[in-house]
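Those protein sequence lines, which keep their order, are chains A and H.
When we follow this note's numbering, the leftmost residue of the first sequence carries the number 138, and every step to the right adds one.
When we follow this note's numbering, the leftmost residue of the second sequence carries the number 30, and every step to the right adds one.
A virtual CB, placed ideally from N, CA and C, is assigned to each residue, including glycine.
Since the structure is predicted, the reported quantities are computational estimates derived from the model, not experimental observations.
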Amino acid sequence: EPEVTQTPSHQVTQMGQEVILRCVPISNHLYFYWYRQILGQKVEFLVSFYNNEISEKSEIFDDQFSVERPDGSNFTLKIRSTKLEDSAMYFCASRKSSYNEQFFGPGTRLTVL
Amino acid sequence: GESVGLHLPTLSVQEGDNSIINCAYSNSASDYFIWYKQESGKGPQFIIDIRSNMDKRQGQRVTVLLNKTVKHLSLQIAATQPGDSAVYFCAAGAYNQGGKLIFGQGTELSVKP
Numbered sequence: 138e139p140e141v142t143q144t145p146s147h148q149v150t151q152m153g154q155e156v157i158l159r160c161v162p163i164s165n166h167l168y169f170y171w172y173r174q175i176l177g178q179k180v181e182f183l184v185s186f187y188n189n190e191i192s193e194k195s196e197i198f199d200d201q202f203s204v205e206r207p208d209g210s211n212f213t214l215k216i217r218s219t220k221l222e223d224s225a226m227y228f229c230a231s232r233k234s235s236y237n238e239q240f241f242g243p244g245t246r247l248t249v250l
Numbered sequence: 030g031e032s033v034g035l036h037l038p039t040l041s042v043q044e045g046d047n048s049i050i051n052c053a054y055s056n057s058a059s060d061y062f063i064w065y066k067q068e069s070g071k072g073p074q075f076i077i078d079i080r081s082n083m084d085k086r087q088g089q090r091v092t093v094l095l096n097k098t099v100k101h102l103s104l105q106i107a108a109t110q111p112g113d114s115a116v117y118f119c120a121a122g123a124y125n126q127g128g129k130l131i132f133g134q135g136t137e138l139s140v141k142p
């Protein structure tokens, strides 16, 4: 069964450093998303991406965040200058159409020291 | 703003009993609702969804009930098994919002053998 994959599974970085979280959505999916989950809290929407552009972004997704689909398979989330409060699980999700369910990846645990 | 909340943070049931997990939402414009299961260290896994024009939907051992009048939905798990132990999230979405999901806090279900 096809699945969303994410790398790395765990990323440790120093405050102020740039990180890139990578996702490979399911191959025939057209809609892509990033969510985050701070430990013990609910999953929060960050950004949606369709047709090579951002569809919607949350208040969390400020100028320090960017997304890119550099080729036909990868979908990345970049945080330019990480802060301690960026420590969280970051989930990528994709779906085939606006009427289908979102499939989530296993997540990347980001730890900012 | 929009919110999706759950009534109980934890639920403990005996194996074989039925489980009921509740959720309340605030946005009456939500078009669909989804229940996700999240096991430790994994991403949310789709269980079942329901569109706003329905009030009940059944899957394998699971039933979702939607009461739009009081903006409440519930997930019923029949004959709960130890493998059902996880955190359960409800999420709400609207077709005009590009697939953004608003998640609730999560209920941790523990199944005692």
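Can you tell me which of the three DSSP states residue i falls into?
i, result
"A:E181", "strand"
"H:Q134", "coil"
"H:N96", "strand"
"H:E44", "coil"
"A:Y236", "coil"
"H:D113", "helix"
"A:L221", "helix"
"H:N125", "helix"
"A:M152", "coil"
"H:A108", "coil"
"A:E193", "strand"
"H:N27", "The question about residue 27 of chain H has no answer here: the residues shown for chain H are numbered 30 through 142."
Pick out whichever of the options has its Cα sitting closest to the Cα of residue i.
i, options, result
"A:D223", "A:T213, A:E138, A:I163, A:L176", "A:L176"
"A:R159", "A:V180, A:F198, A:Q148", "A:Q148"
"A:R206", "A:F186, A:K233, A:R217", "A:F186"
"H:E44", "H:C119, H:G122, H:T136, H:G112", "H:G112"
"A:S234", "A:V204, A:E196, A:S203, A:Y168", "A:Y168"
"H:Q87", "H:P38, H:V42, H:H101, H:I63", "H:I63"
"H:V33", "H:I76, H:N82, H:T136", "H:T136"
"A:E196", "A:F212, A:V184, A:H166, A:T219", "A:V184"
According to DSSP, which residues form a beta bridge with residue i?
i, result
"H:N82", "Its beta-bridge partners do not exist; DSSP assigns none."
"A:R159", "A:T144, A:T213"
"A:Q174", "A:V180, A:M226"
Residues of chain D with CB closer than 7 Å to the CB of residue i, please, in chain order.
i, result
"H:K129", "Checking the listed chains, one finds no chain D in this structure; the protein chains it contains are A and H."
Problem - Against chain A: residues of the region 116-127 of chain H by CB proximity under 8 Å - result: Cβ contacts with chain A: F118, A120, Y124, Q126, G127.
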